[in-house]
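Written out below as structure tokens is the structure these notes cover.
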Amino acid sequence: MSDPNRRDVVGTAAALEILESAWSARRASFELPEGEQRAALASVRADLDRAADTLRNAGQVVHYAHALHLGAHVAMDVGDVEAAEKRWREAVSLLRSSGQPLELAHKLRHVGDLEVARGDLNEAGRHYEEALALYRDHAGSGDLSHANAVRRAALLSERRGDVEEARTLWAEARQRYVEAGLSQGVAEADEHLEGLG
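Residues 0 to 196 (numbering that gives the first Met the number 0) make up the sequence shown, in order.
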């Protein structure tokens, strides 16, 4: 008789390899002609769904949430916003009790991005605020995801017309991009700070 724990370990390892290869295939698909890209992304999506099922069944909550996150990106690539939102919201729900605050913060930011795109700025602001609180409590300097979350909150503040908050957030984003070594982020923050006066 085979050991079910051993099957879970083997299944988890295989699923994680599938996630990695599917993500590489997603990146490579952007170099393909449109028709081929659609077919490649459909294959990537199927691989990610298969890996997610394996991880969910093995009780690998954090890895499963990561698979959902990757699947949400691919759903966005093919214009399936509803599927992307469903995946990111499920990942957020799972990560709330996972003890992984930075993973939760990253997924909250993506939910906020969807809400901005939909025009629900208040709800987006709530998700960004929660993400930023988690980053500020748990991220070290040089964390690019933290810098990107501050950037999104700064853009939202600009869109809402809250110039003072936008200035504060862009200054923070600039510093975080300096720490992360991303000169494009620093330049963008400088441009916004100059525009805000």
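The C-beta atom is built at its ideal place from N, Cα and C for all residues, glycine as well.
Contact defined as beta carbons within less than 8 Å: I believe L155 pairs with L120. What is the distance between those atoms, to the nearest angstrom? Under the criterion of beta carbons closer than 8 Å, L155 and L120 qualify as touching, at roughly 6 Å.
Thinking G111 and A130 are a contact (beta carbons under 8 Å), I'd like their distance in whole angstroms, please. Confirmed, about 7 Å.
Where does A51 sit, in a helix, a strand or coil, going by DSSP? Of the three classes helix, strand and coil, the one that applies to A51 here is helix, per DSSP.
For L192 and W87, the rounded distance between their alpha carbons: Across the structure, W87 and L192 are spaced so that their CA atoms are roughly 31 Å apart.
Kindly give me the distance between the Cβ atoms of E81 and S140, rounded to whole angstroms, as I take these residues to be in contact under 8 Å. Wrong, their Cβ atoms sit about 37 Å apart, outside the cutoff.
Suppose the cutoff is 7 Å on Cβ atoms and the five residues either side in sequence are ignored; what does the same chain contact list for R55 look like? Closer than 7 Å at the Cβ level, and outside the excluded window around R55, lie Y63.
Neighbour flag for R55 against chain B, beta carbons, 9 Å: Note that chain B does not occur in the displayed structure, where there is just one protein chain.
Is the number of C-beta pairs between the stretch 20-30 and the stretch 45-53 that are closer than 8 Å three or more? Because the criterion of three Cβ pairs below 8 Å is met, the stretch 20-30 and the stretch 45-53 touch.
Going by DSSP, what residue range makes up the alpha helix (DSSP H) through E193? That run of the alpha helix (DSSP H) goes 182-195.
Which of helix, strand or coil DSSP assigns to D97: Residue identity differs from the one stated: residue 97 is Ser in this sequence, not Asp. In the structure shown, the three-state DSSP call for S97 is coil.
Give me the Cα-Cα distance between E122 and P100, rounded to the nearest whole angstrom. In a straight line, the C-alpha of E122 is about 20 Å away from that of P100.
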